[in-house]
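J.: Reading the sequence shown from the start, the letters are residues 2 to 79 in this note's numbering.
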Amino acid sequence: MYEFIIPKMGQGDPDIDIIELKVKAGDMVEVSQPIVELESEKIRVTLESERSGIVLEILVREGETVKTGTVVCRIQEK
């Protein structure tokens, strides 16, 4: 199982807002598929999957504020 984790964004440990989840539990994802759109320090970025598989569970909500290292979702690799 692969945990999709929010990487370090910017200097220090800024708050990171979950703007939009691009997948839901049960979705099949491929490498480079968008997973989540984030905003930190007025910069928006879309993070893409590094692995292919099935999204087992989503661990964050849109509108939630998180930190670096937060697990967004778990993916069962195929």
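Even for Gly, the Cβ is constructed at its ideal location relative to N, Cα and C.
Taking the straight line between their C-alpha atoms, what separation do you get for L48 and V32?
T.: 11 Å
J.: Classify L60 as helix, strand or coil using the three-state DSSP reduction.
T.: DSSP places L60 in coil when its eight states are reduced to three.
J.: Please return the same chain residues whose Cβ sits closer than 7 Å to the Cβ of E42, not counting the five positions on each side in sequence.
T.: G11, P15
J.: Near L22, which residues of its chain fall below 7 Å by C-beta distance, leaving aside the five closest residues on each side in sequence?
T.: V37, I59, E63
J.: What residue does the beta strand (DSSP E) around I6 start on, and which one ends it?
T.: Run containing I6: 3-6, per the beta strand (DSSP E) assignment.
J.: Does DSSP classify G54 as helix, strand or coil?
T.: strand
J.: Which first and last residues belong to the beta strand (DSSP E) in which T71 is found?
T.: It is not in any beta strand (DSSP E) - T71 carries neither H nor E in the DSSP assignment.
J.: So, for I66: in the same chain, excluding its five sequence neighbours on each side, which residues have a beta-carbon less than 8 Å away from its beta-carbon?
T.: Residue identity check: residue 66 is Thr in the sequence provided, not Ile. Counting only Cβ-Cβ distances below 8 Å, and skipping sequence neighbours, we find D16, I17, D18, I19.
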